[in-house]
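> Pasting a structure here, questions to come.
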Amino acid sequence: MNKNKVVLSFPPSKVEEPIIFHLIRDYDLMVNILRASIDPGKQGRIVVELTGDDKQLSQGYNYLESNGVGVEPLTEEIQHIEERCVSCTACVPVCPTGALDVNRDTWVVSHDPERCVVCLSCVDVCPYRAVTSFFQ
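Each residue of the sequence shown is one higher than the last, beginning at 7 in the numbering used here.
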């Protein structure tokens with residue numbers, strides 16, 4: 007089984023349709039919703055972890071795209087802007103998954119997007135706005 011964290015972008019015309027339901031029922035995918043921002047009549051965004059075999063995931067992605075749902079890798083959702091970051095480490099202790107960590111030799115903060123669940127705690131505490139998200 008493969009796990010992929012992705013961001014789904016729904017056009018306003020698709021927000022009220024049972025797209026996630028069809029991923030589960032028709033493509034036998036496990037869907038873990040990590041974060042969502044959905045309002046009727048507006049664009050919706052959902053961060054999900056999809057679990058399934060290669061064929062299921064491929065068919066599920068094709069279904070999403072054929073319905074006008076954008077699929078982007080989660081790695082693009084949270085941005086750690088190294089040029090702004092002074093490695094003050096304010097973000098490190100608030101990260102529940104350890105996606106933000108500090109190298110004990112160099113004292114440089116790094117971001118591991120594979121561990122990120124887009125909780126936005128880091129965005130809220132960063133005094134330098136070195137961590138940003140489209141969910142802000």
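Glycine residues also receive a C-beta, built at the ideal position from the N, C-alpha and C atoms.
Quick caveat: nothing in here was measured; it's all calculated off a predicted structure.
With a threshold of 7 Å, establish whether the CB of VAL123 neighbours any heavy atom of the ligand ADP.
You won't find the ligand ADP in this model; it holds no ligand whatsoever.
> So which of ALA42, LEU56 and ASN8 has the shortest CA-CA distance to SER139?
Position 133 of the sequence shown, counted from the start, is the residue given in the question as residue 139. When each option's Cα is compared against that of SER139, the closest is ALA42.
> Are the CB atoms of CYS122 and LEU63 within a distance shorter than 8 Å?
For the purposes of this step, residue 63 is taken as the residue at position 57 of the sequence shown. For the purposes of this step, residue 122 is taken as the residue at position 116 of the sequence shown. It is not a contact, given that the beta carbons lie outside the stated cut-off.
> For LYS11, does the count of other Cβ atoms within 10 angstroms reach 16, so buried, or fall short, so exposed?
In the sequence shown, counting from the first residue as 1, residue 11 sits at position 5. With 16 or more Cβ atoms within 10 Å of its Cβ, LYS11 is classed as buried.
> Indicate the three-state DSSP secondary structure (helix, strand or coil) for PHE140 in the structure shown.
For this step, residue 140 is matched to residue 134 along the sequence shown. The answer is coil: DSSP assigns PHE140 none of H, G, I, E or B.
> Can you name, in chain order, every residue of its own chain whose Cβ lies under 8 Å from the Cβ of LYS48, other than the five neighbours on each side?
Stepping through the sequence shown from its first residue, residue 48 is reached at position 42. The residues are PRO18 and VAL21.
> Considering Cα atoms alone, identify which of ASN8, LEU14 and MET7 is closest to GLU82.
Taking the sequence shown and counting its residues from 1, the one referred to as residue 82 is at position 76. Among ASN8, LEU14 and MET7, the Cα nearest to that of GLU82 belongs to LEU14.
> For CYS91, which residues of its own chain have a beta-carbon under 7 Å away from its beta-carbon, when the five flanking residues on both sides are left out?
Taking the sequence shown and counting its residues from 1, one reaches residue 91 at position 85. Cβ within range, chain order: VAL115, TYR134 and ALA136.
> How many Å lie between MET7 and GLY58 at the Cα?
Position 1 of the sequence shown, counting from 1, holds the residue named residue 7. Position 52 of the sequence shown, counting from 1, holds the residue named residue 58. Near 5 Å, if we compare the C-alpha coordinates of GLY58 and MET7.
> May I ask you to report which of helix, strand or coil DSSP gives GLY66?
On the sequence shown, residue 66 is found 60 positions in, with the first residue counted as 1. If DSSP states are grouped into helix, strand and coil, GLY66 belongs with the helices.
> Closest to SER93 by CA distance: which of LEU70, GLU23 and VAL131 is it?
Working through the sequence shown from its first residue, we reach residue 93 at position 87. Comparing Cα positions, the closest option is VAL131.
> Only counting the same chain, and skipping five residues up and downstream in sequence, which positions put a Cβ closer than 8 Å to that of GLU71?
Counting from 1 along the sequence shown, the entry for residue 71 is found at position 65. Correct list, in chain order: VAL77.
> Within the same chain, show all residues whose beta-carbon is closer than 6 Å to that of TYR33, passing over the 5 residues directly before and after it, in chain order.
Position 27 of the sequence shown, counting from 1, holds the residue named residue 33. Cβ within range, chain order: GLN62, GLN65 and GLY66.
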